[in-house]
Each structure stands twice: as C-alpha cells, then as structure tokens.
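*Asks:* Have a look at this one.
Number of protein chains: 2
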Amino acid sequence: MPVAPLFRPIDVAPAYQKVADAIEREIVNGRIKPGDPIGTEHDLVRQFGVNRSTIREGIRVLEEGGLISRDSSRRLHACLPRYSKLTSRLSRALVLHEVTFRELYEASMTLEVASIEGAVERATEGNIAELTENLTRSEAVVGDPAALAECDAEFHVLVAKASQNRVLQLAREPAAQLFYPTTEMIVTGVAEGGPRLVAAHRHLIDAIRRRDREAGVLWTRRHLQDWRRGFEKIASLDRSVEHMYMEHAQAARRR
Amino acid sequence: MPVAPLFRPIDVAPAYQKVADAIEREIVNGRIKPGDPIGTEHDLVRQFGVNRSTIREGIRVLEEGGLISRDSSRRLHACLPRYSKLTSRLSRALVLHEVTFRELYEASMTLEVASIEGAVERATEGNIAELTENLTRSEAVVGDPAALAECDAEFHVLVAKASQNRVLQLAREPAAQLFYPTTEMIVTGVAEGGPRLVAAHRHLIDAIRRRDREAGVLWTRRHLQDWRRGFEKIASLDRSVEHMYMEHAQAARRR
DNA sequence: TCTGTCCCTTTGTCCGACAAAGTTAGAGCC
DNA sequence: GGCTCTAACTTTGTCGGACAAAGGGACAGA
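Protein chains in written order, with our numbering: chain A, -13 to 241; chain B, -13 to 241.
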C-alpha cells in the first residue's frame, strides 16, 4: 500500500541554472523590458551572492536562448529574441533527425500557402513595396544562382511578414531555412529555373496587389512544384536533408 | 582605387564560442553521433588547450541548444535535440513579441488541418492505438479541466505524430504550447466544453481510422472553432498572449 | 553472487589574478 | 566655454588553482 506523499521533490538545480531562471523570470514577467540593462557581472555577483564563474555560466544559457545579449561595449541587456536565431536551432534539429525533403516539401506547401493567403488579405503598401524591391533585385541577379537563391529566401520571408501573422512567420522558418540551399542547386541545374522563379514572384506580387487569393494560392503551388520538379532531377524527395546544409545554417546564424 | 584584398577577416570569436562551435560541428557532421560520449571536462581542457571555465561556458551553450546533455552520472554525451525543449523557447519568444490570440488561432487552423490530413493519409495502427488510449484517459478526466487540457494537448501532438511529418510536427509546437493553458480556462468556464472536446476527439480518431479526409478536416475546424467561441466568452481574440502563460511553458520545459 | 567500504574521478562552485578593450574623467588647448 | 587627448578606472574574457559533494569502480567479506 503506497504511503501518502509527505514531501514534494526538492529543487536541486545547480546555481548557474537558478541564476538563469531568475533573470529569465524577470524578463518574461516584464519587470525587465527588452533593451533594459542587466548590470555588470560584478553587480550580479553581489546580487546573487555567487561566484562570477557561476554567473557567467548562467549568462551563457540566457544568451544562447536569445533573451539577453551584449551590446557594442559587451554590456548585458535584455532583448527580444530574434526569430532567425531561434529557428536556426530548429533547422539544425531537423537535420539531426534526418527529415526527408518530402516532409519539407509537404509542410512548406501548407505553410507557404497559408502565408500567401494572409498576405493577399492583409499586405500593406509597405509590404508590397518591399516585395517589389526584392523582385527588382532578383531580376538583376537572375543569372547568379547563389544571389538568386538568397533573394528567393528573402522573398518568402517578406510574404510571410505581409501576412501580419508572426506565429505563421515563425512556423515556416525552420523548413524555409533548409529549403534555401537547394534552391541554388536547382537554379544552377535547370536552365529555365531562374526566369521561372522570378516570373512566379511577379505573379505573386500581382496577386497580392489585386487581393486575388485564388491566383496567390495557384502561383505559390506552381512555384513549389517547380522547386519539386527541379529537385527530383537531382535527387529523390525521400533523401534526408544532408548534413552539409548545416554549414549554410551556421553561417547564417553568426550573421 | 581600392587595393586588392590581401587578408581575410580574422575570426575573433571568444574561446568559449569556438569550443562550442567545434563540438557542434562534429555533431552535425555526424562524426559524433547522438548518444556518443563527449568526454570529461578535463579531456576537453586537454584537447582544446583552454581553461576549464572556458570549456564549461562552451558546454552551457551547447546544452541550452539541446545538442548535448548530461546523463544520470552527469557525464556529457551528444543527443538528438528534443523538439519540445527547442519549441518552448519559440513559445517564449512569441510571448515576448506579444502575439495575439488571433494570430495563434489562424496559424493553428492551418497547422492542425495539415496535421489531420497527414494523419488521415498515413496514420499507422500504432498511432491509432495511442490516440485511442489518449481518448480513454480523456473520457476519465472529463470533469477535471486541468487534466483534460493536458490530454487535449497530448492528443494533438499524437495527431501530428501520426502525420509522419516531423517538420509539421515541429512547426505546430510553438503555437500549440501557447494554446494549452487557455484550454483549461475554457473547459472550466464553459459547461458543455469538456464533453464537446472529447466528442471531437472521438470523431477525429474515427475519421483517421476510416481514412476520411473530409471528416477529419471538418472536425478539426469545429474543434478549433469551439475553442474560439469559448475563448471569446472570456476575452478578445486580439488580446496578446499574456506573460502569465510563461509559467506553464517554464514548468513544461523543466520536465 | 551479493553487499558494504574505500578510493579515485568528475562536477559544481569558489577564490584570486591579469591582459585587453571599453568608459570616464580630467588636463590641456583652441 | 567648448573641444580633444590622455590617464585612470571598469568590465570582460581567460587563466590557474582549490575544495566539497556525488558517482563509479575495485576489492574484501558474507
């Protein structure tokens, strides 16, 4: 017969973890606002009554989580976590889990269609201007696969931004980051790939401008199907995302 | 006239960052596989030729990123990052960015519908068994809002899992984690909420079993609309996610 | 074979120290 | 007075060493 529980499990978290938790609490509770200074390491040593090494380990944890960062003079301050920093960690996880391009493709189909629907409905003039500016740059580099792939990635970020839905914006990022390197390969390998890509972007902007949801969805589908056809000329959709893509992701994160 | 570049920018990253990067590279390159031991801190001190404090700061960074962890005896080993650990960080970011429930609702509508479509198409017998087991537990706790909300959250994780699409599984997590606490509030506040929730789950399992995509989508929509109606009795969809939800997320992360 | 003990290793934490880079304040100059 | 330049101070990144607590392993005894 089990005895009635008398005791709660006691909290034996190491000190550096408690330091990190304490600072995190203040930030998510809003008592420390993004941009507010955290104080010097010495300040924290005094406040928490632990050694500087311990403080520093706690700081690393928060820094990696994107909750705090150091400004130009390396002083600590709270900050709004940047999506791209966090999502690159997710992309990395997807690579380690060896997801297939089929999974990426299927998920992106859903996410990008949802993005364009939001964009068609809610894009502002500013969003459209950004997209148009991106299109102009894309047209200029249509012969340069690397530059074009980068423009393409940015284009879809801008579409997601135009949807005014930050949850969607964030949800699509991990998959999009893994897509990006393949776009370059495909544009390189398929002769008409570059022009088709730019044409699709043009139609997408047009659909957004005319608030034409059907056209937006249609061209997003086509655009992704183009990617798929191009990819299948190179490899099977059931291949898992290769480790090599991580180099792109790592470089992007450090930026 | 610009001089020809003689030198590359030199890498001035701090030592602890270099340590973290070096270990990360070995893991994502696959030279260190998940489960492999990393060695003791002292080993790393010898290998990298830096002080143990420096090593420890690097380890914290990787640990927070979910790439390495410590087993029962606190020895280091590489590991597959767990989605829930990473996505809880994204949820936290969404809270800090003060996203609205409308954004959550809209994104979830897309993501959960995509999940059920995948599940209808590809769920295995094992998936269905898990879902059925979850349903049984839900029926048992239909009068306990907190327990029921937890079952609901788990149910949708299982549906996403049944879609066999890990990208989707991961993309829906941040939004789902923010949903969870509200479910409890709604089931508490709306008398028929609990039974309706369980009934929807029953229909969803049924749709998966019959491979009936239409029914799956329909009941997912209804299920979410129920949530919405319940929520709007409490607050406006345009309210931003409150800081208080972070307490749930923090507790979940430590588990 | 199981168990209890002793020893060694490892981790978490602490202390003190120092060079490099940034900040601040004050001296000197216009 | 306002501006610049320098010197002192502060802060960070790194180092070396130290120690208690906890875990793992070997070894003796039941």
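Virtual Cβ for every residue (Gly too), placed ideally from N, Cα, C.
#1: Just to confirm, are R61/A and P20/A a CB contact at a threshold of 8 angstroms?
#2: Shortest alpha-carbon distance to Y166/A belongs to which of R197/A, S94/A and H189/A?
#3: Mind listing which residues of the segment 154 to 166 of chain A have their C-beta closer than 8 angstroms to chain B's C-betas, in chain order?
#4: Any beta carbon from chain A within less than 8 angstroms of R42/B's own beta carbon?
#5: State the start and end residues of the unbroken beta strand (DSSP E) segment that holds R56/B.
#6: Between C65/B, V153/B, L154/B and V143/B, which has its C-alpha nearest L48/B's C-alpha?
#7: Is there at least one Cβ from chain B nearer than 8 angstroms to G51/A's Cβ?
#8: I want to verify the contact list: residues of chain B whose CB lies under 7 angstroms from the CB of L72/A, in sequence order.
#9: Nearer than 7 angstroms: is that true of the beta carbon of R46/A relative to any heavy atom of the ligand HEM?
#10: Is there a Cβ from chain B that is less than 8 angstroms from the Cβ of E12/A?
#11: Use the C-beta contact count for V227/A: other C-beta atoms within 10 angstroms, 16 or more gives buried, fewer gives exposed.
#12: Does H83/B have its Cβ less than 8 angstroms from a Cβ in chain A?
#13: Using 8 angstroms as the Cβ pair cut-off and three pairs as the minimum, do the segment 152 to 169 of chain A and the segment 76 to 86 of chain A touch?
#14: By the criterion of Cβ-Cβ separation under 9 angstroms, what are the contact partners of P67/B in chain A?
#15: Once you ignore the five residues that flank V176/A on each side, which residues in its own chain have a CB closer than 6 angstroms to its CB?
#16: At a Cβ cut of 7 angstroms, what residues of the segment 86 to 105 of chain A count as close to chain B, listed as they run along the chain?
#17: How close, in whole Å, do the beta carbons of L164/B and L80/B come, if the pair is a contact with beta carbons under 8 angstroms?
#18: Between R207/B and the rest of its own chain, which residues show a CB-CB distance below 8 angstroms, the 5 nearest in sequence each way excluded?
#19: Can at least three beta-carbon pairs, one atom from the segment 0 to 13 of chain A and one from the segment 29 to 48 of chain A, be found at a separation below 8 angstroms?
#20: Kindly indicate if chain B contains any beta-carbon less than 8 angstroms away from that of S226/A.
#21: Skipping 5 residues on each side, what residues in its chain have a beta carbon closer than 7 angstroms to that of H187/B?
#22: Within the continuous alpha helix (DSSP H) that includes H83/B, where are the two ends?
#23: Could you tell me which chain B residues have their CB closer than 7 angstroms to the CB of S39/A, listed as they occur along the chain?
#24: Going along chain A, which residues have a C-beta under 8 angstroms from R61/B?
#25: Starting from A162/B, trace the alpha helix (DSSP H) both ways and give me its first and last residue.
#26: What separation, rounded to the nearest whole angstrom, lies between the Cα atoms of R108/A and R197/A?
#27: Starting from the beta carbon of N151/B, find every residue of chain A whose beta carbon is closer than 7 angstroms, and list them in chain order.
#28: For E103/B and L204/B, I'd like the C-alpha separation in whole angstroms.
#29: Whole angstroms are fine: how far does the CA of L117/B sit from the CA of V264/B?
#30: Which residues of chain A have a Cβ atom closer than 9 angstroms to the Cβ of V47/B, listed in chain order?
#31: By a C-beta neighbour count over all protein chains shown, 10 Å radius and 16 as the cutoff for buried, is I194/B buried or exposed?
#32: Under the three-state reduction of DSSP, which class applies to A100/A: helix, strand or coil?
#33: By Cβ distance below 7 angstroms, which residues in the same chain neighbour K219/B in space, the five residues on each side in sequence not counted?
*Replies:* Judging by the given coordinates:
#1: no
#2: S94/A
#3: L154, L156, A157, R158, P160 and A161
#4: yes
#5: I54 to R56
#6: C65/B
#7: yes
#8: R75, L76 and A79
#9: You won't find the ligand HEM in this model; it holds no ligand whatsoever.
#10: no
#11: buried
#12: yes
#13: yes
#14: R75, L76, R78, A79, L82 and H83
#15: G216
#16: E89, L90, E92, A93, T96, L97 and A100
#17: 6 angstroms
#18: M95 and V99
#19: yes
#20: no
#21: L121, S124 and F141
#22: Run containing H83/B: none; DSSP gives neither H nor E here.
#23: S39
#24: In chain order: nothing, as chain A lies at least about 15 angstroms away.
#25: R152 to G175
#26: 9 angstroms
#27: E89, E92 and A93
#28: 11 angstroms
#29: The shown model of chain B, from -13 to 241, leaves out residue 264/B, and the question about it has no answer.
#30: R46, V47, E49 and E50
#31: buried
#32: helix
#33: G175 and V176
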